[in-house]
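Numbering-wise, the sequence shown is residues 1 to 270 according to UniProt numbering.
We put the beta carbon where it would ideally sit given N, CA and C, even for glycine.
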Amino acid sequence: MSKFIVKIISITLSVIIAASSASFAFAQEPINSNQKTNIHYEKGSIEGLFDSSVARNDFKELVYTYHQNGESYRVYDQANNDLTNTNSFIYKVGLNGEEKLVRQEKVTVSNNIVYTTVTENGQEKTYTLDLNKNKELQIVPETRGTWAGYPVSDTFVDWGSFKQKYNVAGTTATAVSATIKAIVSVATGIDPAVKVVVSAITVVANYIFQNSIKWTYVIEDVAFRWTEIPTAAVQQRAVERTIRTFYTDSNYATEIDSVTTTAYAKDYKD
């Protein structure tokens, strides 16, 4: 083999190796450039926000730091016990440790509506997430008389599967947690629901917080336990179970986690 051919082969291999290395390096870049890294809690935790053992008139406080887009931040969070009111102050931390307020977030949850007010660069904007729009199951006719004392089936019967899209306007631990809690606390087919029980939602809240996700896509699988009233033409929904599976994308391909909500009608007796 001539020296000329050997040289051509050598150059070709070098180009292929360099291109492969570049492709690998590109693949390793973070998918979300707004991802928060090196999160360190100086006070409290996102798990503690869902600890209901704290007295209802007490506030929960969080202080934590993180890196984002080459900058360092410290956040002072405050929330009431049921996460219906939160207040967050986000400070940029300088090289010498000095703090400059760059953003404030307030979340209020009332009547299944999430209001997120953001103050930044001297401007204030309020985002509204109306969760009442998802109560599409209310149009199903029901008997309205009392059914106290009548039996209720022990079996959940699947009712339907619904796709939803929710905007998470806040970015702090408390703002995100309050929004997610509001989403999963809605009973879609029982009104009024006197008791709502929600499974652990820390994984969902933490993932959305860490990755600064602005939109989350949810599949809601709804099932009911019905009354068994012998003379009723139409049975009533006594217990609702909604399994909400959260995703990061509109293709519902990347799953975050699932949360189960169980709601009980006002006349239901254990």
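Whole-number beta carbon distance between residue j and residue i, since they are thought to touch under 8 Å
i: Asp58; j: Asn81; result: 6 Å
i: Glu105; j: Gly48; result: Their Cβ separation, rounded to whole angstroms, is 19 Å, which puts Glu105 and Gly48 out of contact at 8 Å.
i: Asn167; j: Trp215; result: 6 Å
i: Ser161; j: Asp249; result: Ser161 to Asp249, Cβ: 18 Å. No contact.
i: Glu120; j: Val102; result: 7 Å
i: Gln68; j: Lys43; result: With 8 Å as the limit, Gln68 and Lys43 do not qualify as a contact, their Cβ atoms being about 20 Å apart.
Cβ neighbours of residue i in the same chain (closer than 6 Å, five flanking residues each side left out)
i: Ala265; result: Ile190 and Ala238
i: Asn206; result: Ile46
i: Val118; result: Glu105 and Lys125
i: Ile256; result: Val204, Tyr207 and Phe246
i: Lys195; result: Tyr264
Cα-Cα separation, residue i to residue j
i: Tyr217; j: Ile243; result: 13 Å
i: Val157; j: Tyr150; result: 18 Å
i: Ser258; j: Tyr115; result: 24 Å
i: Thr262; j: Gln78; result: 28 Å
i: Gly94; j: Ser72; result: 7 Å
i: Tyr76; j: Val204; result: 21 Å
i: Ala193; j: Tyr268; result: 10 Å
i: Val176; j: Gly97; result: 26 Å
i: Glu88; j: Thr231; result: Checking the sequence, you will find Ser at residue 88 rather than Glu. Between Ser88 and Thr231, the C-alpha separation is close to 55 Å.
i: Ala173; j: Tyr247; result: 19 Å
i: Ile39; j: Tyr66; result: 4 Å
i: Thr128; j: Thr188; result: 19 Å
i: Tyr252; j: Phe50; result: 27 Å
i: residue 271; j: Thr254; result: Here the chain covers residues 1 to 270 and nothing more, so residue 271 does not appear.
i: Gly122; j: Lys60; result: 27 Å
Chain-order list of residues whose beta-carbon lies under 8 Å from that of residue i (same chain, five-residue window excluded)
i: Tyr41; result: Leu62, Val63 and Tyr64
i: Gln235; result: Thr143, Trp226, Thr227, Glu228 and Ile229
i: Glu99; result: Arg74, Tyr91, Lys92 and Val93
Proximity to residue i [Cα-Cα], best of the options
i: Val109; options: Val196, Ala223, Asp154 and Val186; result: Val186
i: Thr155; options: Arg241, Ile201 and Asn112; result: Arg241
i: Asn132; options: Gly122, Gln123 and Asn112; result: Asn112
i: Ser199; options: Lys92, Asn38 and Ser52; result: Ser52
i: Ile213; options: Thr188, Val152, Lys165 and Val196; result: Lys165
i: Val197; options: Tyr252, Thr260 and Thr245; result: Thr260
i: Phe209; options: Ile219, Lys195 and Thr179; result: Thr179
Residues sharing a beta bridge with residue i, DSSP
i: residue 281; result: A question about residue 281 goes unanswered here, because the residues of the chain that appear run from 1 up to 270.
i: Glu120; result: Gln123
i: Gln78; result: Glu61 and Asn87
i: Glu105; result: Ser88 and Val118
i: Ser161; result: Asp221
i: Tyr268; result: Paired residue(s): none; Tyr268 is not in a bridge.
i: Phe246; result: Val218 and Asp257
Cβ-based neighbour list, residue i, same chain, cut-off 7 Å, excluding 5 preceding and 5 following
i: Lys181; result: Leu83 and Ile201
i: Ala223; result: Phe156, Val157, Asp158, Trp159 and Arg241
i: Asp130; result: Ile113
i: Ser153; result: Arg225, Trp226 and Glu228
i: Val184; result: Val198, Ile201, Arg244, Val259 and Thr261
i: residue 312; result: Nothing about residue 312 can be read from this structure; the chain reaches only from 1 to 270.
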